[in-house]
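Accompanying notes for the structure given below.
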Amino acid sequence: MVEHSLLRARKYEEEQGERIPCKDRPAFHFTPRVGWTNDPNGFSYFGGRYHLFYQYNPYDVVWDSMHWGHAVSSDLLTWEYLPAALAPDEKYDSFGCFSGSATELTGEKQLLMYTGVRKDEEGREFQVQCIATGDGRDYVKFAGNPVIDSNMLPEGFDAANFRDPKIFKTGDGGYACVVAAKDADGLGVLLMFLSRDGHEWKYRGILDRNSGEFGRMWECPDFFFLDGKAVILVSPQEMAKQEPRFHGGNGTLVRIGSFDENECRFVPETDSLIDHGIDFYAPQTVLSLDGRRIMIAWMQNWETCNDMDHSAHKWFGQMCIPRELSVKEGRLYQRPVKETESLRREKTVYTNVLLEGKGTEEPLELDGINGRCADMEMELRPLENGDECSAFELFFAADKENRTVLRFIPSENTVEIDRTDSGTCKGALQKRSCKVTDRGGRISLRVILDRYSAEVFINDGEKVLTTAVFTDADATAVRFAAKGRMMMDIVKYTLAH
Ligand code: FRU
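Position one of the sequence shown corresponds to residue 1271 (this note's numbering), numbered consecutively onward.
Spelled out as structure tokens, the structure:
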């Protein structure tokens, strides 16, 4: 029985994954081998390669019966599928192997830490933290699971909301993990646990908590140090809208501050959304060999995935492009990993393109600027004679009926992504916008397009807007329009493996 569920999943994915033609997947974004994925899990470096595990239902394109899928890569962009790593086959995880993380135990052994979920006869859920060890391909669940039971929770906390351990090594050769929990008021709390050997865990204290300002429960925590600051990433549920700073619903939050080691307490200084687009959730980071803090996330959101047409594909859910993080003046900056440059093929350059018009009636097309897999860097600036531009619009994934729009309104310093006319997507949530730094009407935009997505990095990564795009693959036009007059330089590369 124990082996049975995992072997069944492995057999199924090997047969069915093969049947998905490459052209029906993104060119360089990660998708599950077959079936459904949500959160990235166990994003780590082990045995000379990056490992990406993922919340995985191989059998259907909807959430169910969470397994851990598995893939490895040496460049973070080309992923080789390995057999599924975990299946819900123990009493304590019979309702699912929920999200978690990974680290190296010894040179030969990798340690996975995940949330085991079970339901009792009345349908009540119990969430506990479990471990499995393995060689980078096959993993064995620890006989002493769960290693952190809900009886280790502080008084009044909810045993049904205790999940998503992020494990990391401490300076003294031990291990720590941060786990999301829900206190007696129904608010998210991040708990820290410590261990000498990765197997036996002790409660250390409350690292951070939701004062009520950021939704209710918090999911999928990450905690690390970067550029002299302590950083927390979490995904709050039920966020109240605070536009344009925070969107409503399932959101993401980065808190930048300091860490009081004696008290085991994070002291926040700034709070912001991680990604201002439509589809981004549950980010997780890894430290690369050369010291970069790299983040990946589910390029989807619980708010929108039910509105997507799942039927066209044998996979659902993709990960965003891995992003290098940095912190400057209390702000998180994100850039596509530098490895993205190795995907650059044909280059097309235009400088001093004058965009002028009344709007969208006659958008400009430029030779060589088109396609659905592209890296486009644009510098926009006002004319020197002071002519006003009230809006810049970039249309992509466009044909006669369809287009996804990126809109910059200089007078408001806002950038908006709008996929109202993006083909099969039928959800209510079609637009998202953010405020950007006032640079006197100038802006720099880097747009990474893949077959099913767009990621917009603004002003060198000070803000990012990410959206899934399910427009028909034939819609390849890219067009530009301005209300008023604006100058543009553009460098475009086709991206391919
Ligand atoms: C976040 C999440 C996690 C949980 C997992 C279950 O998207 O709800 O909190 O572990 O998904 O698939």
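Ideal placement from N, C-alpha and C gives every residue a C-beta, glycine not left out. Note that the structure is predicted; figures quoted are calculated from it, not measured.
Look up residue i in the DSSP assignment and say whether it is helix, strand or coil.
{"i": "Lys1762", "result": "strand"}
{"i": "Met1244", "result": "The chain is shown only over 1271 to 1767; residue 1244 falls outside these bounds and no answer can be derived."}
{"i": "Ser1681", "result": "coil"}
{"i": "Ile1290", "result": "coil"}
{"i": "Tyr1329", "result": "coil"}
{"i": "Met1487", "result": "coil"}
{"i": "Glu1392", "result": "coil"}
{"i": "Thr1690", "result": "strand"}
{"i": "Thr1522", "result": "coil"}
{"i": "Leu1699", "result": "coil"}
{"i": "Val1272", "result": "The predicted model places Val1272 with a pLDDT of 46, which falls under 50 and marks its position as unreliable; any figure quoted below should be read in that light. Helix, per DSSP."}
{"i": "Thr1610", "result": "helix"}
{"i": "Asp1453", "result": "coil"}
{"i": "Asp1428", "result": "coil"}
{"i": "Gly1731", "result": "helix"}
{"i": "Glu1513", "result": "coil"}
{"i": "Asn1258", "result": "Any answer about residue 1258 is impossible in this case: the structure gives the chain only from 1271 up to 1767."}
{"i": "Leu1277", "result": "helix"}
{"i": "Glu1531", "result": "coil"}
{"i": "Ala1582", "result": "helix"}
{"i": "Lys1670", "result": "coil"}
{"i": "Glu1635", "result": "coil"}
{"i": "Glu1284", "result": "helix"}
{"i": "Arg1642", "result": "coil"}
Compute the Euclidean distance between the alpha carbons of residue i and residue j, then round it to the nearest angstrom.
{"i": "Pro1506", "j": "Asp1434", "result": "13 Å"}
{"i": "Trp1572", "j": "Asp1744", "result": "28 Å"}
{"i": "Met1271", "j": "Trp1306", "result": "Any reading at Met1271 must be qualified, since the residue scores a pLDDT of 45, below 50, and its modelled position is unreliable; the value itself is stated next. So the alpha carbons of these two residues sit roughly 23 Å apart."}
{"i": "Leu1322", "j": "Gly1693", "result": "30 Å"}
{"i": "Ala1766", "j": "Pro1606", "result": "15 Å"}
{"i": "Thr1737", "j": "Ile1548", "result": "5 Å"}
{"i": "Ser1481", "j": "Gly1527", "result": "16 Å"}
{"i": "Phe1516", "j": "Met1509", "result": "8 Å"}
{"i": "Phe1412", "j": "Glu1671", "result": "55 Å"}
{"i": "Arg1651", "j": "Asp1309", "result": "38 Å"}
{"i": "Phe1494", "j": "Phe1298", "result": "27 Å"}
{"i": "Asp1345", "j": "Glu1285", "result": "26 Å"}
{"i": "Pro1514", "j": "Tyr1551", "result": "18 Å"}
{"i": "Ile1401", "j": "Ala1354", "result": "16 Å"}
{"i": "Asp1545", "j": "Leu1735", "result": "6 Å"}
{"i": "Asp1730", "j": "Lys1608", "result": "13 Å"}
{"i": "Glu1768", "j": "Ala1644", "result": "Absent from the model: residue 1768. The displayed extent of the chain is 1271 to 1767, so no value can be given."}
{"i": "Thr1522", "j": "Asn1311", "result": "16 Å"}
{"i": "Lys1439", "j": "Asp1492", "result": "13 Å"}
{"i": "Arg1479", "j": "Leu1460", "result": "6 Å"}
{"i": "Ser1714", "j": "Leu1464", "result": "44 Å"}
{"i": "Asn1415", "j": "Pro1424", "result": "20 Å"}
Can you name the residues that DSSP bridges to residue i?
{"i": "Cys1367", "result": "Gly1386"}
{"i": "Lys1753", "result": "Lys1628 and Ala1661"}
{"i": "Cys1575", "result": "For Cys1575, which the question treats as bridged, DSSP gives no partner whatsoever."}
{"i": "Met1565", "result": "Thr1555 and Arg1593"}
{"i": "Ala1738", "result": "Ser1723"}
{"i": "Asn1311", "result": "Phe1323"}
{"i": "Met1336", "result": "Gly1366"}
{"i": "Gly1404", "result": "Gln1380 and Tyr1409"}
{"i": "Ser1465", "result": "Tyr1445 and Trp1471"}
{"i": "Phe1647", "result": "The residue asked about is misnamed: residue 1647 is Glu in this sequence, not Phe. Partner(s): Arg1716 and Val1761."}
{"i": "Glu1374", "result": "Gln1380"}
{"i": "Gly1458", "result": "Lys1452"}
{"i": "Ile1502", "result": "Phe1493 and Arg1525"}
{"i": "Lys1439", "result": "Tyr1445"}
Could you round the C-beta distance between residue i and residue j to whole angstroms and report it? I think they count as a contact, below 8 Å.
{"i": "Ser1723", "j": "Gln1588", "result": "7 Å"}
{"i": "Tyr1326", "j": "Trp1338", "result": "6 Å"}
{"i": "Val1556", "j": "Tyr1315", "result": "6 Å"}
{"i": "Ser1558", "j": "Ile1566", "result": "Their Cβ separation, rounded to whole angstroms, is 12 Å, which puts Ser1558 and Ile1566 out of contact at 8 Å."}
{"i": "Arg1388", "j": "Lys1361", "result": "6 Å"}
{"i": "Val1304", "j": "Trp1585", "result": "6 Å"}
{"i": "Ile1397", "j": "Ala1430", "result": "It should be pointed out that residue 1397 corresponds to Gln in this sequence rather than to Ile. 6 Å between Cβ atoms; contact."}
{"i": "Arg1615", "j": "Thr1764", "result": "4 Å"}
{"i": "Asp1452", "j": "Gly1444", "result": "For clarity, residue 1452 is Lys in the given sequence; the question names Asp instead. About 27 Å; that fails the 8 Å criterion."}
{"i": "Thr1774", "j": "Ile1437", "result": "Lying outside 1271 to 1767, the shown extent of the chain, residue 1774 is not represented and no answer is given."}
Given 7 Å as the limit, tell me if residue i has its C-beta closer than that to any heavy atom belonging to ligand 3.
{"i": "Ser1335", "result": "In the structure on display, ligand 3 does not appear, and the ligands it does have are ligand 1."}
Verify the CB distance criterion: does residue i have a CB-CB separation below 8 Å to chain D?
{"i": "Ala1747", "result": "In summary, chain D is missing from the structure at hand, where a single protein chain is found."}
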